[in-house]
Amino acid sequence: MTPLAVNRRRRPALRSAMDLCRLPALHAEPGPHEAQRLRSLIRQGQLSGSSRGMALGFLQCNLAILPAEHAQDFWDYCQRNARACPVLEVTEPGQTEPARLAPGADLRSDCARYAVWRDGLRLEDRADICALWRSDLVSFLIGSGITFDEVFEQAGIPTGQHRWVLATHTPTEAVGRFHGPLIVTMRWLTPAQAELASRISARFPLNHGAPLHIGDPATIGADLSKPLFGGPVPPLPAGLVPVFWACGVTPQAAAEAAGLSLFIAHAPAHSFITDVRAASMMIP
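For the sequence shown, the residue numbers in this note's numbering are 2 to 285.
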């Protein structure tokens, strides 16, 4: 079976998954608008910081790029672990434009920073991956919880602090070479904020949805001693509770464990900004 044939088999499955979530069709909003402006600045090397807080109101995605020979297994891994790995678009091998989510964009240059793995080792970060591009590379765009930050802020739920990415002792369902632990995002909120955040995020099923757990980190085996991102975890302040969401770093960890000859992802907190309005991702 050719890589192209494998990719074509995926698309009906992706559309079917979206139908099951009762989501409307995703439509890229015609420009000019803020998402396009920011991608242009990133492409020109004029913007290199975190995408958090940027283009509020637009869908942001995790990016995973790998050789076509591994694309089917990676797709299956994402489907079996869909809470952490909600796939929104898969490109044809060699295609650099995410035509569904951001027509005219270039996946090689429109993230502010990329992380590059070879044989399971993260060897470098790059401002663009044009020099690494190959005709067999397939890109996966995966929903991100950054997307609902604007709605949180509008509801009075802070998003700028008390936020970490953690590994857990909870295994994901392995497929082929892809395996690894569930990765979670932990936020500290008041009990009232946690309840409201749960209701809001539940309306974003393709951006990790509602929290997986609220309360004791040990229940899900979250390792607070070694946060993957976010700096050391201090003692929990009085009046706050830990709230845990599935995280899009999960498929990165699985691809790293797979030891692929080449794997590329957005660097942490440098997500791909799409032309899709975040509000269109919400279910009633």
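Where is the CB? At the ideal position from N, CA and C, for every residue including glycine.
It should be emphasised that the depicted structure is a prediction, and the values quoted were computed from it without experimental measurement.
The criterion of a C-beta distance shorter than 9 Å is not satisfied by E70 and L142.
Secondary structure remark: continuous alpha helix (DSSP H) runs of at least 4 residues inside the segment 127–190, in chain order: 150–155. Cβ atoms of S272 and C62 come within 8 Å of each other, at about 6 Å. Nearest C-alpha to F153 among L39, A211 and D217: A211. A check of alpha carbon separations from G181 across A195, R123, L225 and Q253 identifies Q253 as the nearest. Spanning the alpha carbons of Y115 and A270 requires a straight line of approximately 10 Å. Just measuring C-alpha positions, the residue of D276, G232 and I284 sitting nearest L57 is D276.
Distance from the Cα of F59 is smallest, within the candidate group E125, G32 and V139, for G32. As computed with DSSP, Y115 is found in a beta bridge with R127 and H267. Take the alpha-carbon of I201 and the one of Q73: they are about 32 Å apart. Look at the segment 236–264 and you find these whole runs of beta strand (DSSP E), each 3 residues long or longer: 242–247. Taking V234 as the centre and dropping the five residues before and after it, the same chain places the C-beta of W165, L225 and P228 closer than 7 Å to its C-beta, in chain order. Rounded to the nearest angstrom, the gap between the Cα atoms of I274 and A195 is 26 Å. If the five residues before and after G249 are omitted, its C-beta is found closer than 6 Å to the C-beta atoms of N63, I143 and S145, all from its own chain and listed in chain order. For F75, the enclosing alpha helix (DSSP H) covers residues A72 to R81. Comparing alpha-carbon positions, the option among A168, D120 and A156 lying closest to F230 turns out to be A168. The C-beta separation of H267 from C112 comes to about 5 Å, placing the pair in contact by the 8 Å criterion.
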